[in-house]
Every structure is written in structure tokens, then in C-alpha cells.
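K.L.:
Positions 10 to 247 (my numbering) are the ones given, in order, by the sequence shown.
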Amino acid sequence: MTATLLAVAHGTRDPEGVRTVLALLDEVRRLRPGLRVEPAWLGLVEPSVPEALSSLPGPVIAVPLLLASGYHVRADIPALLADADPGEVRVTPALGPSPLLAHALASRLGEAGRPPDASPVVLAATGSSDPRARADTTESARLLSRHLNAPVSVAYASGEGPTPTEAISAWHTTGHPDVSLATHLLAPGHFAHTLTRTPARWTSSPLGTHPSVAELVLRRYDEAAVPHTEANSPARAR
Numbered sequence: 010m011t012a013t014l015l016a017v018a019h020g021t022r023d024p025e026g027v028r029t030v031l032a033l034l035d036e037v038r039r040l041r042p043g044l045r046v047e048p049a050w051l052g053l054v055e056p057s058v059p060e061a062l063s064s065l066p067g068p069v070i071a072v073p074l075l076l077a078s079g080y081h082v083r084a085d086i087p088a089l090l091a092d093a094d095p096g097e098v099r100v101t102p103a104l105g106p107s108p109l110l111a112h113a114l115a116s117r118l119g120e121a122g123r124p125p126d127a128s129p130v131v132l133a134a135t136g137s138s139d140p141r142a143r144a145d146t147t148e149s150a151r152l153l154s155r156h157l158n159a160p161v162s163v164a165y166a167s168g169e170g171p172t173p174t175e176a177i178s179a180w181h182t183t184g185h186p187d188v189s190l191a192t193h194l195l196a197p198g199h200f201a202h203t204l205t206r207t208p209a210r211w212t213s214s215p216l217g218t219h220p221s222v223a224e225l226v227l228r229r230y231d232e233a234a235v236p237h238t239e240a241n242s243p244a245r246a247r
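(1) Compare the Cα-Cα distances from R229 to each of T172, V100, S128, P215 and report the closest residue.
(2) For W211, which residues does DSSP report across the bridge?
(3) What residues in its chain sit with their C-beta under 7 Å from that of P87, if we drop five residues either side in the sequence?
(4) If I measure Cβ to Cβ from S242 and keep anything under 7 Å in the same chain, skipping five residues before and after, which residues do I get?
(5) With a threshold of 16 other CB atoms inside 10 Å of the CB of M10, please say whether the residue is buried or exposed.
(6) Is there a C-beta anywhere in chain D that falls below 8 Å from the one on L204?
(7) Please report the straight-line C-alpha distance between A223 and E36, rounded to a whole angstrom.
(8) If you pair each beta-carbon of the region 169–187 with each one of the region 15–24, do three or more pairs fall below 8 Å?
(9) Do L195 and L109 come within 8 Å of each other at the CB atom, strictly closer than that value?
(10) Shortest alpha-carbon distance to P66 belongs to which of A49, P56, V98?
(11) Pull up the distance between the alpha-carbon of T212 and that of L34, whole angstroms please.
(12) Helix or strand or just coil, what does DSSP make of R262?
(13) CB Y80 to CB D139, shorter than 8 Å?
(14) Exposed or buried, what is R245 when buried is set at 16 or more other beta-carbons lying within 10 Å of its beta-carbon?
(15) I need the DSSP call for V222, collapsed to helix, strand or coil.
(16) Can you pull the DSSP bridge partners for I6?
(17) Just verifying my parser: in three-state terms, what is the DSSP assignment at E239?
(18) Where does H181 land, buried or exposed, given buried means 16+ other C-beta within 10 angstroms?
(19) Less than 8 Å between the C-beta atoms of S116 and H199, yes or no?
(20) What is the rounded straight-line gap between the Cα of L152 and the Cα of P129?
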């Protein structure tokens, strides 16, 4: 039986953020006709993860729509799935870091007007005290730098800095007047709004429904689906 893809998103009070996530899932469905794709939310929006899971028959693969492996991926989501049959529910890693995300980030920067040159970029993510999440963000910056062939530094919209404005100003003081801000966020919301108020020359929009993000969601699903397929194959049954 084909596993359902349960896309687990961070909750938001911003209706546009909710619409963006649902539109991303429509893009996933477009890329994989016939695959059941359902949303669940970690807060503020319904259905919750347990509510969504209770309505889904058969095997489920939960794909966190999160860009780094922070507390939600390591603790929250596994806790919400603790009562589920481990043979029926699998959880994938976070979406990032990935070359596909780097491609989407670069594409959004181009849409914002950044020229294809070596001018510096600040990758702005949500804050996290989790060293693994920060390491993932640093790796995402490295992948973006390689994709753009340009220097990329990291900033955080909350928590321990540097802040986006501080990171941009640091580039200014070293003689780089044109600095781009790459929004390392999936959807519109509070943090995305704050990133529009920095001294960046160009600021990209959230990743949203970019085709590479939808492709990455399916890649995470497919990586986790292999054990399900093997477990239900005639060879494995013998």
C-alpha cells in the first residue's frame, strides 16, 4: 500500500502563510498524481498532527516542512507521533540543507533583482539555540555560496545573532555596498515581514511554491518510502 505523505508545517497566524503552504502541497500533488498528500500543523492551524494522523489509513510518511533540524524535528514531531505504530509511520529529516534548496534560494534572489555576480549574500533564517539547526543553516549558506559562486554569510531573525541588519552592515564596512538578503523561510509570516526592513539592496521572497521545494518534499518522501516498499515486497515476505 502506498504511504500517505503527511506534510507537517509550522503554524502561523498569517493567512497568506497558510495559503502558501497549501499551495506548495498542490504543487507536490501536481508532480506526483495519485499520491495522497495531507497537511498537519505544529500549532495555531488545524488539523494538528494527531488529528491528521487519526484520519489517515495505512502507512504514513511525515515530512517536516522545516528547513533545518531543530527542536521541532528532533523532539516535537516524534513526541506527537509517539502513540502511532512505528511500522505504520515514518518521519523524514528536515528539508534542508539540500542543493535543491540552494537552487530555490538562488532563483528567488534572481526574481528579487540580484544580478548574477559575486556580490555578497546574507542568508537569513529563523533563530535557534539548537546547534544542529545552526549547523544546518551554515551548511545551507555553503551550498548557496557554491551555487552562486559568491560569498554567503548567515544571520538570524530572532535569538542569538548576528541579526540580518548586523550581517549586512558587516559587508558594508568591508567595501561591499550591494548586499542581497536570501530569505531562508518557507512561507510569509512575522519573520518574513521583519526581513523586508533591512538595508539589503535586494531581498528575496520566501521559498513558497518554488518547484525545487516541491521536488525536495517528494525526495524526502521517496527516501523514507523505500523501507515501506521493501517490507511489503514478496521477496521480503519470504
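Backbone N, C-alpha and C define an ideal beta-carbon position, used for all residues, glycine too. On a predicted model such as this, the values are computed, not experimentally measured, just so you know.
P.N.:
Taking the structure as given:
(1) Translated into the one-based positions of the sequence shown, residue 229 becomes position 220. Nearest option by C-alpha distance: V100.
(2) In the sequence shown, residue 211 corresponds to position 202, counting from 1. DSSP lists S189 as partners of W211.
(3) Taking the sequence shown and counting its residues from 1, the one referred to as residue 87 is at position 78. Excluding positions up to five away in sequence, the list reads V100.
(4) Here residue 242 corresponds to residue number 233 of the sequence shown, with the count starting at 1. Confidence in S242 is poor, its pLDDT being 40 and thus under 50, which makes the residue's placement unreliable; the coordinate value appears in the next sentence. No residues qualify anywhere along the chain.
(5) In the sequence shown, residue 10 corresponds to position 1, counting from 1. M10 comes out exposed.
(6) Looking at the structure shown, chain D is missing, and only one protein chain is on hand.
(7) In the sequence shown, residue 223 corresponds to position 214, counting from 1. In the sequence shown, residue 36 corresponds to position 27, counting from 1. Using only the alpha carbons, I get a separation of about 6 Å.
(8) no
(9) Translated into positions along the sequence shown, residue 109 becomes position 100. Translated into positions along the sequence shown, residue 195 becomes position 186. The answer is no: Cβ separation not under 8 Å.
(10) Walking along the sequence shown from the start, residue 66 turns up at place 57. Closest option to P66, Cα to Cα, is V98.
(11) By one-based count along the sequence shown, residue 212 stands at place 203. By one-based count along the sequence shown, residue 34 stands at place 25. Each residue's alpha carbon lies about 25 Å from the other.
(12) Absent from the structure is residue 262, since the part of the chain shown begins at 10 and ends at 247.
(13) For this step, residue 80 is matched to residue 71 along the sequence shown. For this step, residue 139 is matched to residue 130 along the sequence shown. Going by C-beta atoms, Y80 is nearer than 8 Å to D139.
(14) Working through the sequence shown from its first residue, we reach residue 245 at position 236. Reliability fails at R245, whose pLDDT of 30 lies under 50, so the model's placement of it is uncertain and the value that follows must be treated cautiously. Exposed, by the Cβ-count rule.
(15) Reading the sequence shown from its first residue, position 213 is the one you call residue 222. If DSSP states are grouped into helix, strand and coil, V222 belongs with the helices.
(16) Residue numbering for the chain in the displayed model covers 10 to 247; residue 6 lies beyond these limits and cannot be assessed.
(17) Locating residue 239 in the sequence shown gives position 230, where the first residue counts as 1. In this predicted model, E239 has a pLDDT of only 48, less than 50, meaning its place in the structure is not dependable; the value taken from the coordinates is given anyway. It is helical.
(18) Taking the sequence shown and counting its residues from 1, one reaches residue 181 at position 172. Label assigned to H181: exposed.
(19) As a first step, residue 116 is located in the sequence shown; it is residue number 107 there, counting from the start. As a first step, residue 199 is located in the sequence shown; it is residue number 190 there, counting from the start. Not in contact: S116 and H199 (Cβ atoms no closer than 8 Å).
(20) Walking along the sequence shown from the start, residue 152 turns up at place 143. Walking along the sequence shown from the start, residue 129 turns up at place 120. For L152 and P129, the distance between alpha carbons rounds to 14 Å.
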